[in-house]
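**Student:** I am attaching a structure below and will ask some questions about it afterwards.
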Amino acid sequence: MQKIIKDGAIVTDDWVRLPLAEDGTVANVPQDSDVIVPLAAWLAEPQRWQSRVGRTAVWLAPDDDPAKLAASLDRLPLVAVDFPAFADGRGYSIGRLLRERYNYAGELRALGDVGQDQLHYLWQVGFNAFEIKPSQNIELALQALARFSERYQATFREPEPLFRRRVTGE
Amino acid sequence: MYRYDAIDHRIVRERVEEFRDQTRRFLAGELSEDEFRPLRLMNGLYIQRLAPMLRVAIPYGHLSSTQLRKLADIARRYDKGYGHFTTRQNLQYNWPTLESVPDILAELAEVEMHAIQTSGNCVRNTTTDAFAGVAADELIDPRPYCEIIRQWSTLHPEFAYLPRKFKIAVSGAVEDRAATLVHDIGLHVVKNAAGEVGFKVIVGGGLGRTPIIGEVVREFLPTEHLLTYLDAILRVYNRFGRRDNKYKARIKILVKALTVEGFAAKVEEEWSHLKDGPATIRPEDVAHYASFFTAPAYESLSGSPAEFAAKLAEQPAFARWVERNTRAHRQSGYRSVVLSLKKTGVPPGDASDAQMDAVADWADRFGFGEIRVAHEQNLILPDVKERDLFVLWELAKQQGFATPNVGLLTDIICCPGGDFCSLANAKSIPVAEAIQQRFDDFDYLNDLGEIDLNMSGCMNACGHHHVGHIGILGVDKNGEEWYQITLGGSQGNQTSLGKVIGPSFARAQMPDVIEKILSVYVEQRQQGERFIEAVRRLGITPFKERVYAKDH
């Protein structure tokens with residue numbers, strides 16, 4: 001059990017992320033609990049994951065191509081994106097692609113080196129769940145979600161960019 | 001110029017509060033140095049040799065007199081009474097304390113300024129032609145688009161953590177005065193055969209360790225697609241740019257790796273999904289931003305009034321200043337004035353609080369309260385009546401801003417170098433000063449004509465040495481400061497990268513070396529041939545032979 005931020009609230013959570021082993025497989029998978037498996041493992045053994053008792057979700061590394069998950073998205077209860085370092089911003093584009101190009105509507109979770117200073121941007125590009133790194137206070141992180149009340153760009157949360165809303169509103 | 005509305009104010013205020021909280025958490029030990037570094041850099045705060053350095057954004061180099069007075073006031077109260085104008089049209093403070101930075105930012109916000117994305121691996125301050133809106137050779141005023149890009153790039157949620165820094169420059173004139181070919185993205189406003197306005201999109205230029213001239217990825221992009229196309233370029237870069245080696249992380253390396261055709265194809269593919277989306281700019285949106293950049297209330301004047309012509313005839317020093325330090329204006333009876341921040345003995349680009357206040361006063365008295373910062377590190381008063389030039393000249397002389405050297409050898413572009421910057425291999429300011437002292441005869445300087453001398457204290461090339469007609473690069477040899485020379489670099493429409501002439505020199509040799517290079521030019525130039533043209537015609541060999549010849 002861990003605490004995460006999901007849809008603007010702190011909730012308890014049972015999902016366990018499983019790493020990819022050196023040989024490209026996933027070892028020690030429990031049968032009945034909920035697990036998040038690497039994309040490569042998901043694509044390699046679709047039958048194995050379908051037959052489990054527990055639920056199975058997928059996590060993407062920054063260099064994974066989200067297009068490879070497109071065909072599976074309607075079967076997945078959760079997709080996670082790993083941020084091995086918070087300054088690695090590839091996951092932001094992955095989030096937008098999953099939401100805006102592949103129309104993924106389920107839980108989109110940010111994992112790894114995720115802290116309060118990233119949450120606002122992550123939310124804007126489509127993430128709605130956040131595993132906050134252990135060194136940070138999750139209550140403070142929750143407050144940071146609402147740090148900015150406006151933004152200029154077209155984002156997943158607000159497709160109409162500010163410049164259009166400005167002119168239309170006049 | 002652009003004015004904030006309530007939403008712009010709110011966004012900047014919220015960013016100030018976020019940074020105040022980040023600073024507090026760092027000082028309280030809740031954020032590690034590694035965690036704080038990217039956050040503070042994204043807000044323009046470096047930790048330098050002697051103190052933090054705060055870089056304030058001056059969007060596309062535009063300042064109001066109110067803003068300049070605020071910059072002077074901050075220099076006085078939080079710094080040591082001066083600031084440094086940079087080659088990215090920004091201002092740097094060298095001596096603020098870390099604890100005071102949130103307060104400085106709050107004061108900047110009062111005058112519609114900030115330090116957002118002036119450093120870090122994100123989209124930096126967009127730059128443009130310092131003469132935008134007044135240049136005689138302008139096709140389209142680029143400033144409404146600069147502001148649209150500024151807003152698009154500000155706190156863009158997808159592109160806050162790019163592989164490396166990202167710089168965009170826009171040019172709207174015949175002559176490219178924005179160095180667009182050496183930016184991550186260069187945009188040229190162009191008209192197509194049907195008379196429609198669009199952009200030529202150039203990607204992958206840059207200086208630094210691997211200088212590369214940008215290549216055209218799209219000959220004509222209709223203006224309405226500007227932001228969706230920028231999103232496509234940035235997304236390709238964000239996803240596929242290298243992150244394993246910071247020296248290979250700029251977009252230029254990705255463009256080279258994919259080839260420009262391969263890169264363009266990837267961008268076009270990405271764009272096909274974004275094109276015509278909600279970020280498409282409508283004519284009414286352009287009109288909204290253009291409404292901030294209308295021509296001021298110029299008086300209807302005839303050119304060269306009698307009193308101006310008389311002063312030119314009576315006072316050769318004034319005439320020389322007018323010729324060198326003022327530029328043609330599209331409005332008859334007006335000129336743009338370049339205030340030279342390159343007086344000998346003053347670090348290039350530095351201005352004191354009193355000088356900034358004086359310039360703000362002149363902008364109000366002689367112009368429409370506007371000032372421009374040129375990427376050559378000078379200040380510009382864009383709209384001055386010819387009949388006011390003499391009075392302005394006398395005032396500028398008192399402030400040390402009337403050195404008639406704009407575009408000449410001693411108008412040196414120069415980074416802060418080893419005196420301030422922790423990245424530098426060598427000092428640059430003392431070398432600039434030694435060269436300015438050697439070449440202090442304005443008749444000789446004028447005879448030499450236009451020469452861009454650019455100097456960087458390290459290969460990060462903040463002083464744009466690769467595109468100097470004469471480039472100087474500080475290098476470290478066994479812990480000692482040495483200087484390497486390149487010749488033949490050039491910015492503008494004929495952008496080229498200088499070639500290294502040979503082994504580097506000790507600091508004390510530099511004025512002699514420059515003198516030898518110039519002597520070759522003076523001896524071998526043809527009628528009316530500028531220095532750079534002579535270098536192009538002759539190649540570097542005769543210069544090299546003279547400089548490295550054994551003394552007899």
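Those protein sequences? They're chains A and B, same order as listed.
Numbering follows the UniProt record's numbering, with no gaps: position 124 of the first sequence is 124.
Numbering follows the UniProt record's numbering, with no gaps: position 116 of the second sequence is 116.
Where a beta carbon is used, it is the ideal one built from N, C-alpha and C, also for glycine.
All values reported here derive from a predicted model rather than from experimental measurement.
1. By a C-beta neighbour count over all protein chains shown, 10 Å radius and 16 as the cutoff for buried, is Gly-133 (chain B) buried or exposed?
2. If you follow the alpha helix (DSSP H) that Met-356 (chain B) is in, where does it begin and where does it stop?
3. What separation, rounded to the nearest whole angstrom, lies between the Cα atoms of Phe-318 (chain B) and Trp-393 (chain B)?
4. Could you tell me whether any Cβ in chain A is nearer than 9 angstroms to the Cβ of Thr-154 (chain B)?
5. In the structure shown, what three-state DSSP assignment does Trp-49 (chain A) receive?
6. Locate the alpha helix (DSSP H) running through His-120 (chain A), then write down its first and last residues.
7. Check whether the Cβ of Tyr-78 (chain A) lies closer than 9 angstroms to any Cβ atom in chain B.
8. Quick check on Glu-170 (chain A): does DSSP put it in helix, strand or coil?
9. Would you mind telling me which residues of chain B sit closer than 7 angstroms to Glu-139 (chain A), beta carbon to beta carbon, in chain order?
10. Would you check if the segment 252 to 271 of chain B and the segment 310 to 326 of chain B touch, i.e. whether three or more CB-CB distances between them fall below 8 angstroms?
11. Using CA atoms only, rank isn't needed, just tell me which of B:Ser-490, B:Arg-10 and B:Asp-141 is closest to Val-197 (chain B).
12. Strictly by DSSP, which residues pair up with Gly-198 (chain B)?
13. Residues of chain B with CB under 7 angstroms from Pro-161 (chain A), in chain order?
14. Taking the Cβ atom as the reference point for each residue, do Gly-115 (chain A) and Gly-95 (chain A) lie within a distance shorter than 9 angstroms?
15. If you compare alpha carbons, which of B:Ala-57, B:Val-547, B:Ile-281 and B:Cys-414 is closest to Ser-504 (chain B)?
16. Taking only beta carbons into account, state which residues of the segment 103 to 121 of chain B come closer than 8 angstroms to chain A, listed in chain order.
17. Give the residues of chain B in contact with Val-125 (chain A), contact being defined as C-beta atoms less than 9 angstroms apart.
18. Identify, in the order they occur along the chain, each residue of the same chain with its Cβ nearer than 6 angstroms to the Cβ of Ala-135 (chain B), setting aside the five sequence neighbours on each side.
19. What in chain B is Cβ-close to Tyr-92 (chain A), meaning under 9 angstroms?
20. Does DSSP put Ala-21 (chain A) in a helix, in a strand, or in coil?
21. Mind checking if Leu-145 (chain A) is an interface residue toward chain B, Cβ cutoff 9 angstroms exclusive?
22. Ordered along the chain, which non-local residues of its own chain (more than five positions away) have a Cβ less than 6 angstroms from that of Val-26 (chain A)?
23. In the DSSP assignment, what are the bridge partners of residue 553 (chain B)?
24. Please state if the CB of Glu-107 (chain B) and the CB of Lys-80 (chain B) are separated by a distance shorter than 9 angstroms.
25. Return the CA-CA distance between residue 630 (chain B) and Gly-468 (chain B), expressed in angstroms with no decimal places.
26. Closest Cβ-Cβ distance between Arg-243 (chain B) and chain A: below 9 angstroms?
27. Restricting to Cα atoms, I'd like to know which of B:Gln-484, B:Ile-532, B:Pro-511 and B:Gly-463 is closest to Ser-496 (chain B).
28. What does a CB cutoff of less than 6 angstroms around Glu-150 (chain A) pick up in its chain, not counting 5 residues either side in sequence?
29. When the Cα atoms are used, what is the spatial distance from Tyr-521 (chain B) to Thr-486 (chain B)?
30. What three-state label does DSSP hand Met-455 (chain B) in the structure shown?
**Tutor:** Let me lay it out:
1. buried
2. 353 to 366
3. 7 angstroms
4. yes
5. helix
6. 116 to 124
7. Residue identity differs from the one stated: residue 78 (chain A) is Leu in this sequence, not Tyr. Answer no: the Cβ-Cβ gap between Leu-78 (chain A) and chain B never drops below 9 angstroms.
8. The predicted position of Glu-170 (chain A) is uncertain, since its pLDDT is 47 and thus under 50; a value taken from the coordinates is nonetheless stated next. Coil, per DSSP.
9. None at all; the shortest Cβ gap to chain B is about 13 angstroms.
10. no
11. B:Asp-141
12. B:Val-190 and B:Pro-222
13. Pro-278 and Ala-279
14. no
15. B:Val-547
16. Asn-121
17. Pro-157 and Glu-158
18. Ala-173
19. Pro-157, Glu-158, Phe-159, Ala-160, Tyr-161 and Asn-238
20. coil
21. no
22. Leu-18, Val-37 and Ala-41
23. Because chain B here runs from 1 to 552, residue 553 (chain B) falls outside it and cannot be looked at.
24. no
25. Residue 630 (chain B) lies beyond the residue range present for chain B, which begins at 1 and ends at 552; the question has no answer from this structure.
26. yes
27. B:Ile-532
28. none
29. 15 angstroms
30. strand
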